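See structure below.
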Amino acid sequence: MKITIKHIAKIEGHGGLEADLENGDIKSAKIKTHEGARLIEAILVGRSYEEAPLITARICGVCPVVHNLCSLKALENALGITLSPQNIILREVMELGQTIQSHALHAYFMALGDYFGLKHAFDLGKRFPEATVNALKIRDFGNRLIATLGGRSIHPLRTKVGGFTKLPTQAEIKKILQDIPRVINQARSLVEVYRKVKFPEFNRPTEFYALTDSHKYTFYQGDQIVSSQGLKIPVGKFEHDVTEIQRPYEMSKRAFWKTKSYFVGALARLHLNEKNLNPKAKSILKYLPPRPIYNNFYNIYAQLIEIMHSLEEVQKLLKPLSRRELTQPAKAYKLKAGQGVGAVEAPRGTLYHYYEIDKNGIIRQCNIITPTVQMLANLEADLKIFLKGKTNDSASHASIKKLIRAYDPCMTCATH
Amino acid sequence: MPNFPKKPVIGIISLTCCEGCQFAILDLGERLLEILKHYDLGEFSLVEDLPARPHYDIGIVEGSPITADDVARLKEMRDKSGFLIALGNCAHIGCVQAIKNYVSKDEKLKYVYSQIDKIENPEIVPIAHYVKVDYIIPGCPINNEEFAQNLLDIKDGKLSLIPDQPVCYECPLVQAGCLLQRKIICLGPVTRAGCRAICTTHGQQCLGCRGPVNEPNLDSLQRQIESFASREEYKHALQVYGVQKMLIDQANQAKKFK
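If you're matching them up, the sequences are chains A and B in order. Using the numbering used here, read the first sequence as starting at 1 and increasing by one per residue. Using the numbering used here, read the second sequence as starting at 1001 and increasing by one per residue.
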């Protein structure tokens, strides 16, 4: 028996599922990408390094900021540039803004309907009028954060190698700080909705990976990858240990650490960084089962926890910057040949960019490993168990789509 | 513009792209819900999982037709839409993926997929290459204020073309000293405004994402740019959002009519 879902709605990009079952045994379960190949890595080769942050932002419309910043981080590593502490904070805040807007969109508008039998995100407004308006406002706040620091929420404009073209004013930062307590309350109201969610039973042990930074639940800073098994690997080495597998007729690659599939994303970060969560985020951990949770349906609740954490973190990071007008948008630097890896935590997991540039700043090599490329093999391994007893009918399709959506795959990132 | 029913049915689909223009629509937030009260949202799979409808009064297409499936969906959308809108630079022109049109696209494919040779790798073209387009909402990403206004105008039956003015017309640097005068490549003089010069406002050059004005004086701009930059740098600037071919064609056409 074949189970075929041609298009999975309410995820980023176009993807489907093809599975083959024989007498109840699952022979294969494959996520199919229906995006065309844009060849972003290849088109950068032979062009100026300054174009990379701009062009790679266009990999993804829901997380352009993370591609933009990851690309800058890698290029700054290649050029030996260290950002000022102030500008590192501003970059971290942009990442947090991206996390807030992406998670609010996914955990609420794309995924939540699955748990209440709603097929249209706008119907959430009828079922949960207050929470839906709050989710919109939270997402809007994430966007405003990015726009205030980056000039625009989709495809930021103010970032550049060495820092920023322009900095936010003191008044703009104060306005953000003034708004945060209200947004935190809005996030709290969402917790009440998620408490009503019955997450399906599922269990398949896997390994979690995420970027780490000392004593911080990091999204931008840090150069080390940790795993739930206790591995600690520098970002540069990790990028080499990841094997990307190409399959015939399949635009999206699959990444394995050595030979194993693994999970990246909110639930992975939560397992690895839980003790560094901010207090309000920690206080809503109590609605989770004991860790480790080898059930990715909980990824959407982990995203909610991260929204709360990120709001608190923005508050913590921006407070010291609000005391005076910011100065020195960017550092001067000299062009030289070099190579550099950058890694950041995108909403969907660890993102890697690698560049090699020559002495004139022309890109000679480029490699980008996206979170979805890393999580797809893990999702397929989950599906190989989850599909047991499923058929090709609409009820089975609905429960399969629910699992796939909980992963929050981004097909446009997967293909790039 | 056709006469639309009282509550026109809208369908929004995407081909291969980053989907940023759809997110720009979502970013309108509560305002989007207000605007959509005048419409029947028939398809927008970013937020709904319902069967597609057989007819749309307004079909909106984002993205590049790259795969055979993209092309088929594009044609199907044209067939069932009364009025078809190209949304954003990918659908309008070709955006960053069109850079490969100006180099060896086979080599580029080999670089990313060294072990597979069955990946579709056509030249990147505007959707107008395959279907008739009735209206263009340009930009990378679109200016969602412009999108909101377009939908309100359609409802009131007064949709008009985007004014034929260059970005310089909206640029805050015109008085203070433009980028070109500071020897920074900028395509503002030949690019259609309506973005409120958002790039130059935030310290970036204009790279033409909204496409050419009706009569771009490209020769003059090229001379000015090549007085401080190489031809390769000039060409690369034209390629970032895939506008090179469209810009040159438009400039040549304008010359012919003079």
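Note that the Cβ used here is the ideal one computed from N, Cα and C, for glycine as well. As the structure is a prediction and not an experimental result, all values here were calculated from the model.
Among the options, nearest to residue i - alpha-carbon criterion
| i | options | result |
| --- | --- | --- |
| Tyr-262/A | Gly-236/A, Ala-281/A, Leu-277/A and Val-242/A | Val-242/A |
| Gln-339/A | Val-133/A, Glu-239/A, Val-62/A and Lys-275/A | Glu-239/A |
| Arg-405/A | Arg-58/A, Leu-72/A, Tyr-108/A and Glu-313/A | Tyr-108/A |
| Val-373/A | Ile-400/A, Asp-393/A and Met-251/A | Met-251/A |
| Thr-206/A | Gly-389/A, Phe-256/A and Ala-346/A | Phe-256/A |
| Ala-42/A | Asp-1069/B, Lys-1037/B, Glu-1019/B and Leu-1109/B | Leu-1109/B |
| His-169/A | Tyr-49/A, Ala-147/A, Pro-409/A and Glu-130/A | The residue you asked about is not His; residue 169/A is Thr in the sequence shown. Per the Cα distances, Ala-147/A. |
| Pro-53/A | Tyr-407/A, Cys-366/A and Thr-412/A | Cys-366/A |
| Val-191/A | Ala-104/A, Thr-212/A and Tyr-49/A | Ala-104/A |
| Leu-419/A | Arg-254/A, Arg-158/A, Ala-346/A and Met-94/A | Because chain A in this structure spans residues 1 to 416, residue 419/A falls outside the shown range and cannot be described. |
| Leu-272/A | Lys-260/A, Gln-178/A, Phe-122/A and Arg-291/A | Arg-291/A |
| Asp-358/A | Leu-21/A, Arg-38/A, Ile-26/A and Glu-50/A | Glu-50/A |
| His-1103/B | Ile-100/A, Leu-39/A, Leu-403/A and Ser-84/A | According to the sequence provided, residue 1103/B is Val. The question's His does not apply to it. Residue Leu-39/A is the option with its Cα nearest to Val-1103/B. |
| Met-1001/B | Asp-1134/B, Asp-1070/B and Leu-1151/B | Asp-1134/B |
Cα-Cα separation, residue i to residue j
| i | j | result |
| --- | --- | --- |
| Thr-391/A | Pro-289/A | 29 Å |
| Asp-140/A | Glu-1030/B | 9 Å |
| Ile-180/A | Leu-311/A | 7 Å |
| Ile-279/A | Met-308/A | The sequence as given places Pro at residue 279/A; Ile does not occur at that position. Looking at the two C-alpha atoms, the distance is approximately 9 Å. |
| Lys-331/A | Ala-337/A | 18 Å |
| Ser-396/A | Glu-12/A | 21 Å |
| Glu-201/A | His-106/A | 21 Å |
| Lys-319/A | Leu-383/A | 45 Å |
| Ile-1248/B | Gln-1222/B | 11 Å |
| Glu-18/A | Met-1077/B | 25 Å |
| His-1129/B | Phe-386/A | 43 Å |
| Cys-368/A | Phe-1257/B | Position check: residue 368/A holds Ile in this sequence, whereas Cys was assumed. The straight-line gap from Cα to Cα measures roughly 46 Å. |
| Cys-1098/B | Pro-1065/B | First, the residue type needs correcting, since residue 1098/B is Ala and not Cys in the sequence shown. Straight-line Cα distance between these residues: approximately 11 Å. |
| Ile-225/A | Leu-351/A | 11 Å |
| Ile-1058/B | Phe-1083/B | 5 Å |
| Lys-30/A | Ile-245/A | 14 Å |
| Thr-82/A | Gln-221/A | 12 Å |
| Pro-248/A | Ile-1116/B | 6 Å |
| Leu-1033/B | Gly-16/A | 29 Å |
| Lys-137/A | Lys-1255/B | 50 Å |
| Tyr-407/A | Gly-1177/B | 49 Å |
Residue-chain proximity (residue i, chain A), Cβ-Cβ < 8 Å
| i | result |
| --- | --- |
| Ser-1064/B | yes |
| Lys-1108/B | yes |
| Glu-1138/B | Sequence inspection shows Pro at residue 1138/B; the Glu mentioned does not correspond to that position. Cβ-Cβ to chain A under 8 Å: no for Pro-1138/B. |
| Thr-1067/B | yes |
| Gln-1097/B | yes |
| Ser-1230/B | no |
| Tyr-1313/B | Only positions 1001 to 1258 of chain B appear in this structure, which leaves residue 1313/B out of reach. |
| Lys-1173/B | Looking at the sequence itself, residue 1173/B is Leu, so the reference to Lys does not match. Cβ-Cβ to chain A under 8 Å: no for Leu-1173/B. |
| Leu-1050/B | yes |
| Asp-1070/B | yes |
| Phe-1147/B | no |
Any non-hydrogen atom of the ligand SAM within 7 Å of residue i CB
| i | result |
| --- | --- |
| Asp-1219/B | You won't find the ligand SAM in this model; it holds no ligand whatsoever. |
Chain B residues whose Cβ lies nearer than 9 Å to that of residue i
| i | result |
| --- | --- |
| Asn-134/A | Near Asn-134/A there are no residues of chain B at all, since even the closest Cβ is about 11 Å away, more than 9 Å. |
| Asp-140/A | Asp-1027, Gly-1029 and Glu-1030 |
Proximity test, Cβ basis, 8 Å: residue i and chain B
| i | result |
| --- | --- |
| Arg-38/A | yes |
| Pro-53/A | no |
| His-120/A | yes |
| Thr-169/A | no |
| Tyr-249/A | yes |
| Lys-258/A | no |
| Thr-165/A | yes |
| Asp-213/A | no |
| Ser-48/A | yes |
| Thr-148/A | no |
| Glu-12/A | yes |
| Arg-144/A | no |
Residues that residue i contacts on chain B, provided the C-beta gap is smaller than 8 Å
| i | result |
| --- | --- |
| Asn-273/A | In chain order: nothing, as chain B lies at least about 27 Å away. |
| Pro-64/A | Cys-1018 and Gly-1020 |
Cross-chain neighbours of residue i in chain A, by beta carbon under 8 Å
| i | result |
| --- | --- |
| Leu-1074/B | Neighbours of Leu-1074/B on chain A: none; closest Cβ ~12 Å, over 8 Å. |
| Tyr-1111/B | Leu-39, Glu-41, Ala-42 and Val-45 |
| Val-1009/B | Under the 8 Å cutoff, chain A gives no residues; its nearest Cβ is about 15 Å from Val-1009/B. |
Closer than 7 Å at the beta carbon, the chain B residues around residue i
| i | result |
| --- | --- |
| Cys-60/A | Cys-1018 |
Closer than 7 Å at the beta carbon, the chain A residues around residue i
| i | result |
| --- | --- |
| Ile-1116/B | Gln-246 and Pro-248 |
Within chain A, partners of residue i - CB distance below 9 Å
| i | result |
| --- | --- |
| Asn-975/B | Residue 975/B falls outside the range modelled here, since chain B spans only 1001 to 1258, and no answer is possible. |
**OP:** Note down, one range per segment and in chain order, each beta strand (DSSP E) of at least 3 residues found wholly within the segment 215-275 of chain A.
**Re:** Runs found: 224-227, 232-234, 242-245 and 254-257.
Subject >> Complete alpha helix (DSSP H) runs within the segment 1013-1093 of chain B (minimum length 4 residues, chain order) >> reply: Taken in chain order, the unbroken stretches of alpha helix (DSSP H) that lie wholly in the segment 1013-1093 of chain B and span 4 residues or more are 1020-1026, 1030-1035, 1068-1079 and 1088-1092.
Original post:
Which runs of the alpha helix (DSSP H) spanning at least 4 residues fall entirely within the segment 313-398 of chain A, listed in chain order?
Top reply: List check, alpha helix (DSSP H) in window: 371-386.
Subject >> Runs of alpha helix (DSSP H) lying entirely within the segment 1162-1199 of chain B, each at least 4 residues, in chain order >> reply: Unbroken alpha helix (DSSP H) stretches of 4 residues or longer found wholly inside the segment 1162-1199 of chain B: 1173-1176, given in chain order.
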